[in-house]
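S.K.: From first to last, the protein sequence lines are chains A and B. The opening position of the first sequence corresponds to residue 1 in this note's numbering, with each subsequent residue numbered one higher. The opening position of the second sequence corresponds to residue 1 in this note's numbering, with each subsequent residue numbered one higher. Glycine included, each C-beta is placed from N, C-alpha and C at the ideal position. Predicted, not measured: the structure shown is a model, and the values here were computed from it. Questions regarding the structure given below will be posed in turn.
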Amino acid sequence: MAFLTERTQPKTISIVSILALFIFLPLMLYAVQNIVVLITRATGTPANIVVDVKTILEPIDTNFYHAFSQGGEESKDMIAPVIGEIRALRPRVIRLDHLYDHYNVSVGSDGSISNWGSLDGAVDSILATGAKPLLALSYMPSSIAQEGKIINPPNDWNAWARVVQQTIEHFSGRGGKNLSGLYYEVWNEPDLAQFGSWKPGSYVTLYHWASVGARNAQNVNAFSLGGPSTTGLYKTWILALINSGNRVNFLSWHTYQTDPEKYNIDQRNIIEWLLPYPNYTLIPKLITEFGFTGDKSNLYGTSYAAAHAAAVIGKLITGSPTYLISFQPIDGPNQQSGNGWGLITHTDNGLKKKPRYYVYNFIDGMAGNRLSLSGEGTWVTGFASTKDGVVRVLLTNFRGKTENVPVTFTNVTPGAYTLRSRYLFGSDTKIPVDISGATYQTKIPLSGNNVLVLELSKNP
Amino acid sequence: MKKVFLFVFIGLLLLAIPATIFYLGKQKDIRTRAAPATTLSLTPASQTISVGDTFKVNVIMTPAANQVVSADIYVTYDPTTMTATAITNGTNAPRVLNSGVIQNGTASIRVGAASNAQPIITNGPVAVITFTATGPTTSLAPAAVQFASNTFVGGLGETTANVLVGTTGAKVTINGTGAVVTPLLTPTATPSATPVITGAPTLTPTLTPTLPASGSAVATPSALTILTPLSHDSSVSAQPVFTGIAPPGSTVTIVIHSAEQTAVITANASGNWTYTPATPLASGPHDVTVSILTAAGTTETSSNSFIVAAAGQGGGEEIAEVMPVSGNVETTILLIAAGMLLFTSGALLWHF
């Protein structure tokens with residue numbers, strides 16, 4: 001080494017050192033991050049579930065997660081080919097965006113709408129599933145938009161207000177489709193560059209003129225207007241909207257987070273922010289899109305996506321938003337690799353149901369009153385309920401290895417019972433058990449990315 | 001003319017006096033209603049129980065003239081004498097805004113009215129906390145359950161959002177002579193030794209279930225499980241690997257329906273079993289049923305359905321990336337910052 005340094009110019013050494021730094025620093029960062037990932041995966045707490053069958057808590061809402069949002073990967077009615085499959089999911093609402101750029105809606109330069117194109121058909125398909133449409137007022141009709149770009153503000157805000165007014169009159173109007181209780185969401189992901197990079201201030205202007213349109217709507221049924229439909233829950237956007245003085249009937253945002261706990265944290269945060277604003281504390285909160293990632297991923301075609309949805313629903317089973325809206329019912333075209341967001345593959349890929357499709361109705365089996373449950377682990381989480389004397393425990397193993405989960409029922413009345421274990425992806429088994437004391441424990445295997453309902457019912 | 005003015009003046013005065021009195025009365029009424037006046041109390045205010053007992057404490061709201069929409073309830077207690085096991089909303093607050101949180105010595109929950117149009121205006125419970133007594137107190141120094149200072153009650157139409165003006169806690173005397181508190185995880189029940197059999201097992205002649213090799217390998221609850229293929233899986237190959245769990249050493253009979261195939265295998269010492277059909281399955285829906293004979297003489301079965309994909313429709317399962325990348329971005333940022341510092345130092349040294 002000394003030989004090298006003696007024969008080499010200091011400047012050369014420095015240049016070589018810097019070049020080496022450039023090459024090795026990224027490699028080192030990559031290696032360190034992978035080590036952190038491995039450590040993160042390796043550590044955690046296994047579940048040890050305890051259910052008190054006598055501590056009966058509030059009723060469980062099994063409606064809030066029966067909600068879906070269809071994106072606009074095709075400029076047409078994408079729900080039509082899967083009406084039957086989606087109806088089987090008992091949807092309460094189905095959200096649509098791209099209202100003014102995907103359905104050949106004819107908008108004049110003053111904002112007057114002369115033809116609704118295929119939008120009526122898309123809304124009819126939603127109604128045919130049994131759901132109500134949730135309409136994201138997006139994007140700016142090119143005929144009124146600055147430079148004709150659909151993510152820009154309009155040339156005249158009155159034209160935008162007129163567009164919104166006519167949309168509400170068309171769908172909620174007694175002289176139109178006469179639908180009641182619709183949600184109108186102002187824009188979609190306004191903070192995203194793809195949809196205009198709006199800031200809270202400029203969004204409030206956009207929202208204000210939408211609310212002017214809503215106010216001007218005549219002879220209409222009750223409807224709700226809200227936003228900001230941001231890519232995440234952001235305090236500045238929420239407070240800007242509720243302090244704007246405009247009509248705000250609901251608050252909405254999207255969440256694409258892997259960690260189910262993040263959804264619970266968001267619910268706590270928004271209530272905390274709204275407590276000082278009593279007029280807004282109770283208004284509906286809608287997560288108008290959710291998933292474990294906003295990117296396309298092959299995992300959307302696996303049980304990973306189903307387990308994620310189940311874990312998130314479990315986290316929100318008490319203190320839930322008004323709607324937790326899954327994105328999306330059906331894949332776009334050309335996604336044979338299986339990386340689409342859909343619950344069902346596209347027509348060009350056989351309309352196959354993916355594992356996540358089955359999770360919603362499966363969780364409905366938990367209807368009843370919540371029971372006290374403790375002992376959730378890092379990967380296995382859950383909640384318990386009781387109905388008609390039957391105790392049920394839903395457990396989700398999200399991202400974990402197979403766990404042989406101890407489940408203890410306390411305060412049990414002794415007697416002969418049947419224990420049923422029903423896996424979302426697996427078997428459905430019933431066995432008799434004889435409980436002689438007040439506590440009963442079993443161990444139940446639960447593989448990674450699977451969901452289980454364990455059911456304890458007293459024999460007649 | 002002067003008289004006319006006088007009469008008009010007197011007339012206006014006569015009108016003004018009752019109008020002013022009415023207006024002032026209204027103002028007073030509005031001020032009374034606007035003033036924060038809600039109180040919270042715990043009931044029963046005092047109770048005596050024994051170690052091991054489970055007891056409930058109600059959070060009672062008295063909204064007075066306020067129109068309450070939300071309550072952020074924080075209660076503290078002595079964790080050496082009691083443990084909160086659950087907290088939920090009371091009948092007077094029909095909505096849980098945020099689920100209850102129980103920590104060592106605190107229990108909290110956020111609850112709400114049905115809507116702004118139906119605020120809480122009557123006295124009643126807004127939350128219920130369930131406790132278990134874990135240690136004795138003395139009658140001279142009972143355990144206190146009380147509200148923390150960050151408890152908040154939101155009211156409509158008030159000058160301040162928080163309309164809470166006072167709280168009253170509760171006292172709990174715990175005698176040490178009650179039931180012994182046993183650990184929750186002690187199993188006290190085992191699978192029935194006398195299972196109820198509603199009908200004779202209807203096994204085909206090819207099924208020859210046998211008892212587990214080990215006398216201790218009695219079928220335990222949920223002992224028989226099919227792990228793969230997953231139920232509803234629509235991308236199963238023609239020769240799928242069936243795997244599952246059964247009591248160690250037990251004989252597992254596998255029957256695949258459609259063009260029926262039957263196999264009898266033995267679970268290994270860990271209870272795992274695996275089977276791959278020798279003959280490829282046709283594309284389309286199939287059912288698989290596995291069964292064992294338990295030590296008690298009953299047949300335990302487990303089944304699921306799956307679909308064998310047609311050739312070229314293998315589905316989009318991605319096995320290698322089932323575990324997504326997770327990690328700490330903070331670490332990466334820190335390292336980048338350190339690298340940048342190193343880089344800058346090097347550049348400066350080179351320069352000077």
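1. Please return the same chain residues whose Cβ sits closer than 8 Å to the Cβ of Glu58 of chain A, not counting the five positions on each side in sequence.
2. Three or more C-beta pairs under 8 Å: does that hold for the stretch 143 to 151 of chain A against the stretch 116 to 125 of chain A?
3. Count the other C-beta atoms from every protein chain shown that fall within 10 angstroms of the C-beta of Met340 of chain B, then say buried if there are 16 or more, exposed otherwise.
4. Restricting to Cα atoms, I'd like to know which of A:Ser303, A:Met78, A:Lys285, A:Phe362 is closest to Phe292 of chain A.
5. Can you name, in chain order, every residue of its own chain whose Cβ lies under 6 Å from the Cβ of Val255 of chain B, other than the five neighbours on each side?
6. What are the uninterrupted segments assigned as beta strand (DSSP E) that are 3 or more residues long and contained completely in the stretch 149 to 196 of chain A, given in chain order?
7. Ends of the alpha helix (DSSP H) at Asp124 of chain A?
8. For Pro285 of chain B, which of helix, strand or coil comes out of DSSP?
9. What would DSSP say about Val325 of chain B, mapped onto helix, strand or coil?
10. Show which residues of chain A have a CB atom less than 7 Å away from the CB atom of Val96 of chain B.
11. Let's test the definition: count the other Cβ atoms within 10 Å of the Cβ of Ile15 of chain A and tell me whether it reaches 16, buried, or not, exposed.
12. Between the stretch 380 to 397 of chain A and the stretch 48 to 58 of chain A, are three or more C-beta pairs nearer than 8 Å?
13. Using the Cα positions of Thr39 of chain B and Ala31 of chain A, report the straight-line distance between them to the nearest angstrom.
14. Going by the DSSP bridge assignment, what does Ile245 of chain B pair with across the sheet?
15. If you drop the 5 nearest sequence neighbours on each side, which residues of the same chain put their C-beta closer than 7 Å to that of Tyr74 of chain B?
16. Along the stretch 68 to 99 of chain B, what residues have a CB closer than 8 Å to any CB found in chain A?
17. Return helix, strand or coil for Gln103 of chain B, following the three-state DSSP convention.
18. In three-state terms, what does DSSP make of Leu140 of chain B?
19. Once the 5 residues before and after Arg95 of chain B are set aside, which same chain residues still bring their CB inside 8 Å of it?
20. My output table needs one value for Val4 of chain B: the three-state DSSP class, helix, strand or coil.
21. Just checking, does the stretch 86 to 103 of chain A make contact with the stretch 325 to 332 of chain A on the three C-beta pairs under 8 Å criterion?
22. Can you give the Cα-Cα distance for Ile265 of chain A and Ala131 of chain A, rounded to whole angstroms?
23. Less than 9 Å between the C-beta atoms of Pro36 of chain B and Val57 of chain B, yes or no?
24. Give, in chain order, every residue of the stretch 144 to 161 of chain B whose Cβ lies closer than 7 Å to some Cβ of chain A.
25. What does DSSP give as the partner residue(s) for Tyr417 of chain A in the beta ladder?
26. Kindly list, in the order they appear in chain A, the residues whose Cβ is closer than 8 Å to that of Asp233 of chain B.
27. Looking at the secondary structure, which residues open and close the alpha helix (DSSP H) in which Gly201 of chain A lies?
28. On the CB-based measure, 16 or more other CB atoms within 10 Å of its CB, does Asp191 of chain A come out buried or exposed?
29. By Cβ distance, which residues of its chain are closer than 6 Å to Trp160 of chain A, with the 5 residues on each side in sequence left out?
30. Using a Cβ distance threshold of 8 Å, determine whether the stretch 425 to 445 of chain A contacts the stretch 2 to 20 of chain B, with at least three qualifying pairs required.
31. Less than 9 Å between CB atoms is the rule here; does Asn104 of chain B satisfy it with respect to chain A?
32. On the three-state DSSP scale, how would you describe Asp428 of chain A?
33. Closer than 8 Å by C-beta to Ser348 of chain A: which residues in its own chain qualify, once you throw out the five before and the five after it? Chain order, please.
34. Mind reading off the beta-carbon distance from Trp253 of chain A to Ile287 of chain A? Whole number of angstroms is fine, and I expect it under 8 Å.
35. Hey, is Ser50 of chain B's beta-carbon within less than 9 Å of any beta-carbon in chain A?
36. Listed from N- to C-terminal order along the chain, which residues in the stretch 120 to 131 of chain B have their beta-carbon within a distance smaller than 9 Å of any beta-carbon of chain A?
M.R.: Per the coordinate set shown:
1. Your numbering for residue 58 of chain A matches position 58 in the first sequence. Cβ neighbours of Glu58 of chain A beyond the five flanking positions: Thr318, Asn369, Arg370.
2. no
3. Taking the second sequence and counting its residues from 1, one reaches residue 340 of chain B at position 340. Exposed, by the Cβ-count rule.
4. To locate residue 292 of chain A, count along the first sequence from 1; it is residue 292. Phe292 of chain A has its Cα closest to that of A:Ser303, out of A:Ser303, A:Met78, A:Lys285, A:Phe362.
5. Numbered from 1 along the second sequence, position 255 holds the residue referred to as residue 255 of chain B. Non-local C-beta neighbours of Val255 of chain B in its own chain, meaning closer than 6 Å and more than five positions away in sequence, comprise Thr262, Thr289, ordered along the chain.
6. 182 to 186
7. For the purposes of this step, residue 124 of chain A is identified with residue 124 of the first sequence, where counting begins at 1. Start and end: 119 to 128.
8. Here residue 285 of chain B corresponds to residue number 285 of the second sequence, with the count starting at 1. Reduced to three states, the DSSP call for Pro285 of chain B is strand.
9. Counting from one through the second sequence, the residue named residue 325 of chain B turns up at place 325. For Val325 of chain B, the predicted structure reports a pLDDT of 37, less than 50, and the residue's modelled location is therefore unreliable. A value from the coordinates is still provided. Val325 of chain B falls in the coil class under three-state DSSP.
10. Here residue 96 of chain B refers to the residue found at position 96 of the second sequence. Chain A residues near Val96 of chain B: Glu58, Thr318, Gly319.
11. Numbered from 1 along the first sequence, position 15 holds the residue referred to as residue 15 of chain A. Flag for Ile15 of chain A reads exposed.
12. The stretch 380 to 397 of chain A, when compared against the stretch 48 to 58 of chain A, does touch it at the 8 Å Cβ threshold.
13. As a working mapping, residue 39 of chain B is identified with position 39 in the second sequence. As a working mapping, residue 31 of chain A is identified with position 31 in the first sequence. Going by the C-alpha atoms only, they are around 58 Å apart.
14. The residue given as residue 245 of chain B occupies position 245 in the second sequence. Answer is B:Thr225, B:Asn272.
15. Looking up residue 74 of chain B in the second sequence gives position 74. Closer than 7 Å at Cβ, skipping near neighbours: Thr106, Ser108, Phe147, Ala148, Asn150, Thr151.
16. Val69, Ser70, Asp72, Thr85, Ala86, Thr88, Asn89, Arg95, Val96, Leu97, Asn98, Ser99
17. As a working note, residue 103 of chain B is residue 103 in the second sequence. Residue state, collapsed to three classes: strand.
18. If you number the second sequence from 1, residue 140 of chain B lands on position 140. Looking at Leu140 of chain B - three-state DSSP - the assignment turns out to be coil, as it is neither helix nor strand.
19. As a working note, residue 95 of chain B is residue 95 in the second sequence. Result list for Arg95 of chain B: Asn89, Val111, Gly112, Ala113, Ala114, in chain order.
20. Taking the second sequence and counting its residues from 1, one reaches residue 4 of chain B at position 4. Reduced to three states, the DSSP call for Val4 of chain B is helix.
21. yes
22. Along the first sequence, one-based indexing puts residue 265 of chain A at 265. Along the first sequence, one-based indexing puts residue 131 of chain A at 131. Straight-line spacing of the CA atoms in Ile265 of chain A and Ala131 of chain A works out to 28 Å.
23. As a first step, residue 36 of chain B must be located in the second sequence, where it is residue number 36. As a first step, residue 57 of chain B must be located in the second sequence, where it is residue number 57. Going by C-beta atoms, Pro36 of chain B is not nearer than 9 Å to Val57 of chain B.
24. Phe152, Gly154, Gly155, Leu156, Ala161
25. Within the first sequence, the letter at position 417 stands for residue 417 of chain A. BP columns for Tyr417 of chain A point to A:Val433, A:Lys458.
26. Taking the second sequence and counting its residues from 1, the one referred to as residue 233 of chain B is at position 233. Pro355, Phe425, listed in chain order.
27. Sequence index remark: in the first sequence, residue 201 of chain A carries index 201 (1-based). Per DSSP, Gly201 of chain A belongs to the alpha helix (DSSP H) from 200 to 216.
28. For the purposes of this step, residue 191 of chain A is taken as the residue at position 191 of the first sequence. Answer is buried; the Cβ neighbour count reaches 16.
29. Indexing the first sequence from 1 puts residue 160 of chain A at position 160. Within the same chain, Trp160 of chain A has close Cβ partners Pro154, Trp209.
30. Verdict: no, contact absent.
31. As a working note, residue 104 of chain B is residue 104 in the second sequence. No, no contact with chain A.
32. Reading the first sequence from its first residue, position 428 is the one you call residue 428 of chain A. Strand.
33. As a first step, residue 348 of chain A is located in the first sequence; it is residue number 348 there, counting from the start. The question names Ser, but residue 348 of chain A is Asp in the sequence shown. Within the same chain, Asp348 of chain A has close Cβ partners Pro333, Asn334, Gln336.
34. Taking the first residue of the first sequence as 1, we reach residue 253 of chain A at position 253. Taking the first residue of the first sequence as 1, we reach residue 287 of chain A at position 287. Rounded, the Cβ-Cβ distance is 6 Å, consistent with contact.
35. Taking the second sequence and counting its residues from 1, the one referred to as residue 50 of chain B is at position 50. Put simply, the CB of Ser50 of chain B is far from chain A, with every gap to its CB atoms at 9 Å or more.
36. Those would be Val128, Thr130, in chain order.
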